[in-house]
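**Q** Here it is, the structure in full.
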Amino acid sequence: MLLYVYVPCRPMTKGSTRKLRETFERDGGSLSDMFQDRNNRRQFLQALGAVGAAGLAGCSSDQPDNGGDDGATPTDADTDGEGGGGSDGESTFRMNAVQRFGTIDPAKGTDYTQTMALLNMYDGLVFPNADGELVPHLASDWSVSDDNLTYTFQIREDATFHNGNSVRAEDVVFTVERFFDINQGYASLLSEVLDQENVVALDEHTVEFTLNRVHSPFLATLVLLFIVDKREVLNNTADGEFGDRGDYGQEYLNNNDAGSGPYMLDSFERQSSISFAKYDDYWMGWPDNAFDNVEIRIITEDPTVRTLMSNGELDMTSQYQSTETYETLRNTDGVRVEQIPTVTVFYMKVNNQKPPTDDPAVREAMAYGFDYETARNEIAPGSMQAQGPLAPSFGVHNENIEQPTYDPEHARQVLSDAGYSEGDLQIVNTYVQSNNMEEKMALLFQQNMDAIGIDVELQPQTWGTMTELATSVEDTPHTNHVFYGPVYPSPDTVFYNQYHSEAAETWMSMSHVEDDQVDAMIEEARGTVDADARAEIYADLQARLAEMYAEMFVFVQAKQHAFSDDVAGYTYRPSQSYDYWFHDYVRE
2 MLLYVYVPCR PMTKGSTRKL RETFERDGGS LSDMFQDRNN RRQFLQALGA
52 VGAAGLAGCS SDQPDNGGDD GATPTDADTD GEGGGGSDGE STFRMNAVQR
102 FGTIDPAKGT DYTQTMALLN MYDGLVFPNA DGELVPHLAS DWSVSDDNLT
152 YTFQIREDAT FHNGNSVRAE DVVFTVERFF DINQGYASLL SEVLDQENVV
202 ALDEHTVEFT LNRVHSPFLA TLVLLFIVDK REVLNNTADG EFGDRGDYGQ
252 EYLNNNDAGS GPYMLDSFER QSSISFAKYD DYWMGWPDNA FDNVEIRIIT
302 EDPTVRTLMS NGELDMTSQY QSTETYETLR NTDGVRVEQI PTVTVFYMKV
352 NNQKPPTDDP AVREAMAYGF DYETARNEIA PGSMQAQGPL APSFGVHNEN
402 IEQPTYDPEH ARQVLSDAGY SEGDLQIVNT YVQSNNMEEK MALLFQQNMD
452 AIGIDVELQP QTWGTMTELA TSVEDTPHTN HVFYGPVYPS PDTVFYNQYH
502 SEAAETWMSM SHVEDDQVDA MIEEARGTVD ADARAEIYAD LQARLAEMYA
552 EMFVFVQAKQ HAFSDDVAGY TYRPSQSYDY WFHDYVRE
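Just so you know, our numbering puts the end of the sequence shown at 589, numbered straight through with nothing missing.
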């Protein structure tokens, strides 16, 4: 048994950033004033980096990361080795990630790196295309009963697992049983509307799901049900709490795969890297010049990423590099940078249950006291202004929501009307440490809040620690930086996972909304088959969340990746990590 002792990073208080203020403020100016001049904008960003680095000394990777199974902290992976090639003339695709792979068990994974690994090693019954539509995958076809309760899937007869076993309906049933019994990851998305005994193999290649009630996003959630080989798992169990199924192969599947996906697990060093080998007998076949191997290394330092991309030792960067890194690589021979519109929103998640942010007046003042334009244009260039909790590109987006704009005078008046005086309010702001963009956002937030009389203590943490803090209202900081996009291709993923009381206490729901009216509207939408009627419910739901100032909707991400010029095939799909399905990628 491992014991983790949580020691918080040294906080950045107002005193920690006094030098920053002195740098920015000229003749009574502010950060926003500084951005009106191009040279001052450059000075601001440079100072943010310098002061932020000094203020965060002691908050580096020495801190335990509690987000995975072994508590190890991500460090920059070994940077030796040549890019592009492999043994015996095989081609290798290399990219970096900034967040480690805490688990590769398909019953447990939830975040972007875990899903990235799972969708390459495993297959789901359905698959999201670039338009967010569901297309057949392991299921070659399906039908739905007239009462919208029974879904019948035909399993492909030419699909095999990596050990050569055929994929059978029995494997689908076992996958659901394992998912529900372990009860981690995204199990709640299905277990609330489906009893495992109502998943039945009708024959070797036909499986039937009978729901307890009408559930409109059911098909969309199946992109997160990764089918495992029943025989492989049961042949590799350890002692555990699940009777004759032991530990359900949890120990085994945390270091091995039992999937039918395009790639097989080759090696896994949880702290530093994961690599995959092409499954030659994949049922979809392979495009010309597909990669034989894929290697993902945990590299968090921007200078290292720039060097490796420039030297051809990486083929693709993560989406979380600094603006400066993308600008440098945009001017590097043999490298291109692509900006990709997304439906991912950057939220300042505000704890609705913890004083003083449990007061709607405080949340309203914060919403109007933040400089969105500076955040969007200077810290996250290329991003779009958010308007409520749902990205505008969703067809059910409510265009009538009033999105707060930067109005510190209004913010101060709201606090005054609510009875607050200067010095009454102190809050904690948490973001992912060593993330250049989030650090700049936090410093801007701190300065903006100080201007309206709210004292902000900055506490950068590892992502693993942030996910741990999210598991209770008391431990969740007042404000938290979170990127969240659809984990399955439906608006339901935005509303249920973030705002429903039954989905509370995860990193997705750090706002802890816990509102009966919100819960009721989410449930009503889930039970509504008619698309137009469901859209009306979603519009009212968005308005309710905006009126509550449930959290701060900062911007819609336009993410960036740098690629080697000879890499092609990247395809954005509006479902978590499905743009990292490496079967798409080729070397031209």
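The beta carbon of each residue, even a glycine, is placed where N, CA and C say it ideally should be.
#1: Whose CA, out of Y152, Q100, H138, lies closest to the CA of E270?
#2: Could you tell me if S473 is buried or exposed, where buried requires 16 or more neighbouring beta carbons within 10 angstroms of its beta carbon?
#3: Ignore the nearest five residues each way along the sequence and tell me which others in A188's own chain have a CB closer than 8 Å to its CB.
#4: Measure from the alpha carbon of V200 to the alpha carbon of each residue in N353, L470, V397, E178, then state which is nearest.
#5: Are the beta-carbon atoms belonging to M553 and M385 less than 8 Å from one another?
#6: Please classify N294: does DSSP put it in a helix, a strand, or coil?
#7: For N481, which three-state DSSP category applies?
#8: Tell me which same chain residues have a C-beta within less than 8 Å of the C-beta of P382, skipping the five on either side of it?
#9: May I have the straight-line CA-CA distance separating F292 from N332, to the nearest angstrom?
#10: For a quick check, are the C-beta atoms of G133 and T345 less than 8 Å apart?
#11: Mapping DSSP to helix, strand and coil, what is Y432?
#12: Please determine, among R545, D533, S510, the residue with the shortest C-alpha to C-alpha distance to M522.
#13: Under a three-way DSSP split, which group does L135 fall into?
#14: Looking only at its chain, what residues have a beta carbon closer than 6 Å to the beta carbon of L119, apart from the 5 residues adjacent to it on each side?
#15: Along the chain, where does the alpha helix (DSSP H) containing I520 start, and where does it finish?
#16: For Y579, which residues from the same chain have a beta carbon less than 7 Å from its beta carbon, with the 5 sequence-adjacent residues on both sides left out?
#17: Take every Cβ of the region 453 to 467, pair it with every Cβ of the region 552 to 568, and state whether three or more of those distances are shorter than 8 Å.
#18: What does a CB cutoff of less than 7 Å around G570 pick up in its chain, not counting 5 residues either side in sequence?
#19: Within this structure, are the beta carbons of F102 and I275 separated by less than 8 Å?
#20: Could you compute how far the alpha carbon of E537 sits from the alpha carbon of A392?
#21: To the nearest angstrom, how far is the alpha carbon of N164 from that of A259?
#22: Which class does D493 belong to by DSSP, given the choice of helix, strand or coil?
#23: Give the single residue among S565, S435, N401, P490 whose Cα lies nearest to the Cα of D541.
#24: Could you tell me the distance, in whole angstroms, from the CA atom of T572 to the CA atom of A131?
#25: Candidates L135, N97, D520: which alpha carbon is nearest V306's?
#26: Considering just the uninterrupted stretch of the beta strand (DSSP E) at F269, what are its terminal residues?
#27: When burial is assigned at 16 or more other CB atoms within 10 Å of the CB, is V338 buried or exposed?
#28: Between the C-alpha atoms of E423 and F446, what's the straight-line distance to the nearest angstrom?
#29: For A170, tell me which candidate among S141, G186, H206, S192 has the shortest Cα-Cα distance.
#30: How far does the beta strand (DSSP E) with T153 in it reach, from first residue to last?
#31: Hey, how far is the Cα of V433 from the Cα of W508?
#32: Please classify K355: does DSSP put it in a helix, a strand, or coil?
**A** The relevant details are as follows:
#1: Q100
#2: exposed
#3: A108, F180, F181
#4: E178
#5: no
#6: strand
#7: strand
#8: T324
#9: 26 Å
#10: no
#11: coil
#12: R545
#13: strand
#14: P107, G110, F227
#15: According to the sequence provided, residue 520 is Asp. The question's Ile does not apply to it. First-last of the alpha helix (DSSP H) with D520: 517 to 527.
#16: L120, P129
#17: no
#18: D585, Y586, V587
#19: yes
#20: 16 Å
#21: 8 Å
#22: helix
#23: N401
#24: 7 Å
#25: N97
#26: 264 to 270
#27: buried
#28: 17 Å
#29: H206
#30: 151 to 156
#31: 12 Å
#32: coil
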